[in-house]
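Heads up: the sequence lines are chains A and B, in that order.
Each step along the first sequence adds one to the number in our numbering, with nothing skipped, and position 42 is 42.
Plus 1000 on top of the position in the second sequence (first one is 1) and you've got our numbering.
Ideal Cβ positions, reconstructed from N, Cα and C, are used throughout, including at glycine.
Protein chains: 2
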Amino acid sequence: MGADALDRAQQTFVRRWGEMGATWGISRTMAEVHALLFITGDPLCTDDIMHMLQISRGNASMNLRQLVNWGLIRRTHLRGDRKEYFISDLDTWQMFETITRERRRREVGPIIDTLKQCRSDLAGDTPKLAKERQQKAVDCDKKLQDMLDFINTLDVMVDAVLSSGSEQIGMLSAAISSTVKR
Amino acid sequence: MGADALDRAQQTFVRRWGEMGATWGISRTMAEVHALLFITGDPLCTDDIMHMLQISRGNASMNLRQLVNWGLIRRTHLRGDRKEYFISDLDTWQMFETITRERRRREVGPIIDTLKQCRSDLAGDTPKLAKERQQKAVDCDKKLQDMLDFINTLDVMVDAVLSSGSEQIGMLSAAISSTVKR
DNA sequence: CATTCCTTTCAATAATAACTGAAAAGACTA
DNA sequence: TAGTCTTTTCAGTTATTATTGAAAGGAATG
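And the structure:
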């Protein structure tokens, strides 16, 4: 079981990535599986992953499927081997892009819908409210509106960053800094 | 028990905010308490919150404390009342700023430390590795370096956005879009 | 088409995270 | 300082989420 310096460095990375995932609402194990595939860069089969992370076959299978669905890893095959292998061949930027797009797709729409729905419900019924509630309704509406505007602004920015691609990201970073400076 | 349109809109908002929090690694209840204080804008005491969200005193107390620690709400008092009240008087932008700064403070440092530590461990011991492991060590090091660079770039951007303040955010958004366009 | 090898599924179980409620601590009042 | 009101703490409980392992389902092989 001689773990060399490379193994140790990779294990440290995998553990930390797992913890990070956990604080960001991604299951620790899913993040670890991803980290392992990312940092080794090798195609690994289910058994490799089971052994390296000490998890069951079912668990490995579930998490691998999710990672494939997210587009963070892909299935592959080794010639002369019947088993399925998995590989993470995205670079850091592509990983970031994939995760950001996916989360945006799943979450931005729903929250905007809810905010709009709250506003339209309020708009229809505000006249029916007791006098002293009307001011509150107006204040509440303003908060909802502000939040919608903010989400929209951020969304435009994220969109620009994502579509800039990794080549332009440095330039973009510089442009942002100089815009803010003055 | 007559919930009017304002109550309903607020409840919808609170529920959705809670769900959002849950998918981002913040406990549903903590997010709901915050949402309630934010959307009403009123100072509320522990009992108000307990009743409105149907949670226990202990739970309310714990979550309120956390929110105060995050700087998202603050304690206040109503004249002639011994109880403690809580209020959320940040606007959307300030909220975003607070949350971003806090998460950055807690998470960016540690992840950078881990990455650097992995690299320096590798650097010291790579010569001792078996020949065919050396190439892997170099590849691994490159990934770690790429990730460090990426985190750094992103960190600079986030820093610029945060220090731009809400007045400049629209301008910034425009600057980003136009930089990317060509 | 039977065998072998591999993957997926899912009910049962384990682990983790969140919540409760009552007791202790703290704070203000007279 | 005793009495009253309020907040905090935390051991015990409940709820939620993650994991296991074995059985069922597929797919390639001879």
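Taking the alpha helix (DSSP H) that residue i falls in, what are its first and last residues?
i: I1039/B; result: R1028 to T1040
i: A1006/B; result: Contrary to the premise, residue 1006/B reads as Leu rather than Ala in this sequence. Residues A1005 to T1023.
i: T92/A; result: T92 to D125
i: S61/A; result: R57 to W70
Please name the residue or residues paired with residue i in a DSSP beta bridge.
i: C45/A; result: Y85/A
For residue i, which residues in chain B fall below 9 Å Cβ to Cβ?
i: C140/A; result: L1006, A1009, Q1010, F1013, I1039, T1040 and G1041
i: T76/A; result: Near T76/A there are no residues of chain B at all, since even the closest Cβ is about 18 Å away, more than 9 Å.
i: I169/A; result: F1150, T1153, L1154 and M1157
i: S164/A; result: I1176, T1179 and V1180
i: L129/A; result: D1004, A1005 and L1006
Between the options, which lies nearest to residue i when the distance is taken from Cα to Cα?
i: S1027/B; options: H1051/B, L1067/B, T1046/B and M1050/B; result: L1067/B
i: A1005/B; options: P110/A, I39/A and Q135/A; result: Q135/A
i: L1072/B; options: S1088/B, M1062/B and Q1054/B; result: S1088/B
i: H77/A; options: Q168/A, D42/A and A137/A; result: D42/A
i: T1092/B; options: I1039/B, D1125/B, L1115/B and D1141/B; result: I1039/B
i: D113/A; options: D1007/B, A1003/B, T1023/B and W1017/B; result: W1017/B
i: R1103/B; options: I1176/B, Q1117/B, D1155/B and K1131/B; result: D1155/B
i: A175/A; options: V1161/B, A1031/B and E1167/B; result: V1161/B
i: V1014/B; options: V1158/B, A1031/B, K1116/B and L1172/B; result: A1031/B
i: M95/A; options: G165/A, E132/A and A3/A; result: G165/A
i: K83/A; options: D146/A, T29/A and D47/A; result: D47/A
i: T29/A; options: Q10/A, E132/A, C45/A and I49/A; result: I49/A
i: C1118/B; options: T1100/B, D1139/B and L1044/B; result: D1139/B
i: W70/A; options: I151/A, R105/A, R8/A and F150/A; result: R105/A
i: A9/A; options: I1151/B, T1179/B, I1169/B and A1137/B; result: A1137/B
i: D1149/B; options: G1170/B, D1125/B and V1108/B; result: V1108/B
i: M147/A; options: K116/A, L172/A, M52/A and T179/A; result: K116/A
i: R1101/B; options: V1158/B, S1173/B and Q1054/B; result: V1158/B
i: D1141/B; options: A1130/B, T1153/B and D1125/B; result: D1125/B
i: G1002/B; options: L64/A, A130/A, I111/A and Y85/A; result: A130/A
i: D1081/B; options: L1122/B, E1132/B, C1045/B and T1179/B; result: C1045/B
What does residue i reach in chain A if we use C-beta pairs closer than 7 Å?
i: S1088/B; result: Ordered by position in chain A, no residue passes the 7 Å Cβ test against S1088/B, which lies about 10 Å from the chain.
i: D1091/B; result: D146
Beta-carbon of residue i versus every beta-carbon of chain B: anything under 8 Å?
i: M52/A; result: no
i: E107/A; result: yes
i: V33/A; result: no
i: A137/A; result: yes
i: L64/A; result: no
Starting from residue i, trace the beta strand (DSSP E) in both directions and tell me its first and last residue.
i: T1076/B; result: R1074 to H1077
Between residue i and chain A, is there a C-beta pair that is closer than 8 Å?
i: L1072/B; result: no
i: S1027/B; result: no
i: D1048/B; result: no
i: K1143/B; result: yes
Going along chain B, which residues have a C-beta under 7 Å from residue i?
i: R16/A; result: I1111 and T1114
i: A160/A; result: I1176, S1177 and V1180
i: T98/A; result: Those do not exist, as T98/A stays about 14 Å from chain B at its closest Cβ, beyond 7 Å.
List the residues of chain B that residue i touches, going by C-beta distances under 8 Å, in chain order.
i: A175/A; result: A1175, I1176 and T1179
i: Q117/A; result: T1012
i: R133/A; result: D1004 and L1006
Mind pulling the chain A residues with CB within less than 9 Å of residue i?
i: T1126/B; result: A5 and L6
i: M1030/B; result: Here the premise fails: no neighbours, minimum Cβ distance about 13 Å.
Please compile the residues from chain A whose C-beta is within a distance smaller than 8 Å of the C-beta of residue i.
i: L1172/B; result: M157, I176, T179 and V180
i: L1122/B; result: A5, L6 and A9
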